[in-house]
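J.:
In full-length UniProt numbering, the protein residues as written are 1 to 219.
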């Protein structure tokens, strides 16, 4: 089945997780793995498993996602982390909403599948940013999840500029201003694959750094 959707997976040192992630990609969905400066053979693993690999030398989540969206060729694009914390099969209901015109962008809302999956400092940072967005923009979302599906051309036309971890926040703000219809779906949030480490929630320092990136793009 041709889903007319490319899955963009931004990666930095996710070689240990990619076999499980790529094995779960729904048939008919293309895969673009963006290697964002890995030193563990991420690109080689992805290529061996059949993914299309592109490289983004500029460090930053937004830089990697944007490079992947540019490299995609399908009508729709999905974005998912490559750490094994989320299942690509959970993208299918989101894709259906966009394809059927019920949403301009469908987003995942993380639901921890095990105790300790979402550290307290990451949850607090997420909640503070969301509270600010609701107060300043009225944007009624419950997560800044790294899971999204929309039309590729719509996303490129939105003109998101941030190339660090502020990317998903700026994306939500611009989408609301553009009149996009946003929907949220619960997605199970699993422990990361063994042998990988979060650049955001893996430490208080990482969370603080990400919060600074968020603050730079808040309206």
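Cβ coordinates follow ideal geometry from the N, Cα and C atoms, glycine included.
Taking only the alpha-carbon atoms, compute the straight-line gap between residue 181 and residue 165 and give it to the nearest angstrom.
T.: Spanning the two alpha carbons is a distance of roughly 23 angstroms.
J.: Runs of 3 residues minimum, wholly inside the region 150-196: which ones carry the beta strand (DSSP E) assignment?
T.: Counting whole runs of 3 or more residues, the region 150-196 contains the beta strand (DSSP E) stretches 182-189.
J.: Consult DSSP for residue 141 and reduce its assignment to one of helix, strand or coil.
T.: The answer is coil: DSSP assigns residue 141 none of H, G, I, E or B.
J.: Can residue 38 and residue 12 be called in contact, C-beta distance under 8 angstroms?
T.: Cβ atoms of residue 38 and residue 12: closer than 8 angstroms.
J.: Starting from residue 62, trace the alpha helix (DSSP H) in both directions and tell me its first and last residue.
T.: That run of the alpha helix (DSSP H) goes 61-71.
J.: Among the candidates 55, 127, 22, whose CA atom is the shortest distance from the CA of residue 48?
T.: The shortest C-alpha separation from residue 48 is found at 22.
J.: Going along the chain, which residues of its own chain have a beta-carbon closer than 6 angstroms to the beta-carbon of residue 28, five neighbours each way excluded?
T.: If we look at residue 28 and ignore the five residues flanking it on each side, its Cβ neighbours are 1, 2, 3.
J.: With H, G and I counted as helix, E and B as strand and the rest as coil, what does DSSP make of residue 88?
T.: In the structure shown, residue 88 sits in a helix (DSSP, three-state: H, G or I).
J.: Apart from the five residues on each side of it in sequence, which residues of its chain come closer than 7 angstroms, Cβ to Cβ, to residue 61?
T.: Taken in chain order, the residues that qualify are 10, 164, 165, 167.
J.: What whole-angstrom Cβ distance do residue 64 and residue 45 have, given they're in contact under 8 angstroms?
T.: No, residue 64 and residue 45 are not in contact; Cβ-Cβ is about 16 angstroms, not under 8 angstroms.
J.: Can you have a look at residue 8 and say buried or exposed, based on whether 16 or more other CB atoms are within 10 angstroms of its CB?
T.: When all chains shown are included, residue 8 counts as buried.
J.: Kindly indicate which residue of 113, 114, 93 has the alpha-carbon position closest to the one of residue 105.
T.: Ranking 113, 114, 93 by Cα distance to residue 105 puts 93 first.
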